[in-house]
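*Asks:* Chain order of the listed sequences is A and B. Numbering follows my numbering, in which position 68 of the first sequence is assigned residue number 1099; successive positions increment by one, without gaps. Numbering follows my numbering, in which position 115 of the second sequence is assigned residue number 132; successive positions increment by one, without gaps. C-beta: ideal position from N, C-alpha, C; glycine also. Below: one structure in C-alpha cells.
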Amino acid sequence: MTDVPFPISREAVLRRREDPSLIGHGAHGPRDIVPGAGHGETGPASKRVIVGYGFWIFLLSDIVMFSCFFAAYAVLQGATAGGPSARDIVDLPRVGIETGALLLSSFTCGLSFAATNVRNKLWTQVFLALTALLGLVFVGLELQEFIELAARGATPQRSAFLSAFYTLVGCHGLHVSIGGLWLATMMAQLQVKGFRHEIVHRLICFNLFWHALDIVWVGVFSMVYLMGAAA
Amino acid sequence: MSHLEFDPHGYTGSLDHREDHAPGDAPEESAGHWVRNYLLGLGFATALTIASFWAATTHLIWGPAAPVAIVVFAIAQMGVHLVFFLHITTGPDNTNNVLALAFGLLVVFLIFAGSIWIMNHLNSNMMPMQQMIGMQR
C-alpha cells in the first residue's frame, strides 16, 4: 500500500481507517482508500471519474426526458379515437426478437469494455462490431414494424394514442440509431488513435449510453407492448 | 502539482490503481472478473425478460394481476441492469453516482405518477361530451 504516492496526508488516511462507520466498506480492492476519489480529504478526482460522472448526469437527464414521453403515453393510452388500440398493433414475437437483440448487444458492449480494460484492441473491435450488428437488427425490426403499421393506416396522426406510441418508441429508436453512429465513430477512432486516454473516456461514455438505452427499452417493452398485449 | 510523483493524466497500459471508478467502471484488471459480471447480468436479465413475456401471455395469472407482475419484473430488470451493466454499487466510492441516481428517480417518479394522477382526476371531473355539445347550442 505504500508504493502508491499519496497526494493526501497520512492523518487523513489514519482518520479514515479508524472511522467505525467505514469498517467493512473498502474501496473494492486490496487498498482501503482511493486517492483522487474526489471526497475532499482524498484529493481531487481524476479526469476519468469526472467524465463518467458528468455523462451519468446527462444520462439521468435523458431518462427524465423519456419519463415525460412515458407519462404522455400512459395518459393517452385509451385515447384511440375509434382507431387501433395497443392490443391491435402489438406483434409479440417481433418484440421478443428486438428485446433479445438489444439485451445481447448490451452484453457484447460490456465485453468490449472488458477487452478495453486489458487494452486488447482486436477483441474490443470485434465486440463493438457485434454490438453494432445487433443494434442494426433492432433498428431494422422497429422500422419494419413502423412501415407495416403505417401501411395498415395506423399512422401518428390517426389518434392521440398512436401519436404517443410513435413518439415514445420512435424516440428510443432514434437514440439507438444515433448511438450506432457514435459506435461506428468510436471504432474508427480506436483503430486510428489506439487506447489514448481520451479515447478510453469516450468508450466509457459510450458503454454507459448503450446500457442506459437498454434500461429505457425495458420500460418500453413492458409498458407499451406487454401491458398492451395483456390488457 | 509538483509534489505528485505520477502524471495524473497519463495512462499506464491498464486500469490504474490511482484512479477511482466512474459508473460502468471498477478497478479490476483481469478481463475474467468483468466477463463473469456481464454473464451474471445477462443471465438475470434474460430470466426476467422471459418471465415478463410469460406473464403477459399466460392465462395462469388472474387478468388484472398480469400488469402488476409485468411492472415488478420490469423494475427488477432495471435494477439488474444498473448493478451488473452500469456497475452502480453501494460502496463509498460510488456515493455521488447513487445520489444523482436517487435524484433522477425522484424526478422521474414525480413526472410519471404526477401526470397520471392529475390527468385521471381531470378526466373524471370533465363534463361528459354530450352535455358540453348541448350547452354550446
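Can you tell me the Cα-Cα spacing of H1203(A) and V1231(A), whole angstroms?
*Replies:* So the two alpha carbons sit approximately 26 Å from each other.
*Asks:* Can you tell me where the alpha helix (DSSP H) holding V1082(A) begins and where it ends?
*Replies:* Looking at the DSSP string, the run of the alpha helix (DSSP H) that includes V1082(A) is K1078 to L1107.
*Asks:* Between A1117(A) and G1211(A), how many whole angstroms is the CB-CB distance? I'm expecting something under 8 Å.
*Replies:* Not quite, the Cβ-Cβ distance comes to about 27 Å (not below 8 Å), so this is no contact.
*Asks:* How would you write the range of the alpha helix (DSSP H) that N113(B) sits in, first residue to last?
*Replies:* Segment T112 to N142, the alpha helix (DSSP H) holding N113(B).
*Asks:* Residues of chain A with a CB under 7 Å from the CB of M64(B): which are they?
*Replies:* According to the sequence shown, residue 64(B) is Ala rather than Met. Chain A residues near A64(B): none, gap ~11 Å exceeds 7 Å.
*Asks:* By the 10 Å Cβ neighbour count, where 16 or more other Cβ atoms means buried, how is T139(B) classified, buried or exposed?
*Replies:* According to the sequence displayed, residue 139(B) carries Leu and not Thr. The residue is exposed, with fewer than 16 neighbouring Cβ atoms inside 10 Å.
*Asks:* Taking DSSP as the reference, what is the three-state secondary structure of T1198(A)?
*Replies:* Correct three-state label for T1198(A): helix.
*Asks:* With C-beta atoms as the reference, is G1173(A) less than 9 Å away from E1129(A)?
*Replies:* At residue 1173(A) the sequence reads Glu, which differs from the Gly that was named. Contact flag set, yes.
*Asks:* Taking three-plus beta-carbon pairs below 8 Å as touching, is the region 53–72 of chain B in contact with the region 86–101 of chain B?
*Replies:* Touching, per the Cβ criterion.
*Asks:* What are the residues in the region 114–129 of chain B lying within 8 Å of chain D by C-beta distance?
*Replies:* Absent here is chain D; the protein component of the structure consists of chains A and B.
*Asks:* Which value, in whole angstroms, describes the spacing of the CA atoms of P109(B) and L1135(A)?
*Replies:* So the two alpha carbons sit approximately 31 Å from each other.
*Asks:* Report the neighbours of G1250(A) on chain B: residues whose CB is nearer than 7 Å to its CB, in chain order.
*Replies:* Near G1250(A) (Cβ distances below 7 Å), the residues of chain B are A91.
*Asks:* Interface residues of chain B around L1123(A) at Cβ under 9 Å?
*Replies:* Chain B residues near L1123(A): F70, A73 and T74.
*Asks:* On a Cα-Cα basis, can you pick out the residue from G1114(A), T1139(A) and L1234(A) that is closest to R1183(A)?
*Replies:* Considering only alpha carbons, the answer is G1114(A).
*Asks:* Please tell me whether S1194(A) has its Cβ less than 9 Å away from any Cβ of chain B.
*Replies:* Chain B, which has no Cβ nearer than 9 Å to the Cβ of S1194(A), makes this no.
*Asks:* Measuring CA to CA, which of R1150(A), E1176(A), R1233(A) and L1153(A) is closest to V1200(A)?
*Replies:* Per the Cα distances, E1176(A).
*Asks:* So what does DSSP say about V1231(A), is it helix, strand or coil?
*Replies:* DSSP places V1231(A) in helix when its eight states are reduced to three.
*Asks:* Would a C-beta distance cut-off of 9 Å place L1167(A) and T1139(A) closer than the cut-off?
*Replies:* In this structure, T1139(A) does not lie closer than 9 Å to L1167(A) by Cβ.
*Asks:* Taking just the CA atoms, how far does T75(B) sit from G1060(A)?
*Replies:* Reliability fails at G1060(A), whose pLDDT of 47 lies under 50, so the model's placement of it is uncertain and no value is given.
*Asks:* Return the residues of the region 1128–1139 of chain A that lie within a Cβ-Cβ distance of less than 7 Å from chain B, sorted by chain order.
*Replies:* The residues in question are T1130, L1134, S1137 and F1138.
*Asks:* Under a CB-based cut-off of 9 Å, is L99(B) close to chain A?
*Replies:* Judged by the 9 Å Cβ criterion, L99(B) is in contact with chain A.
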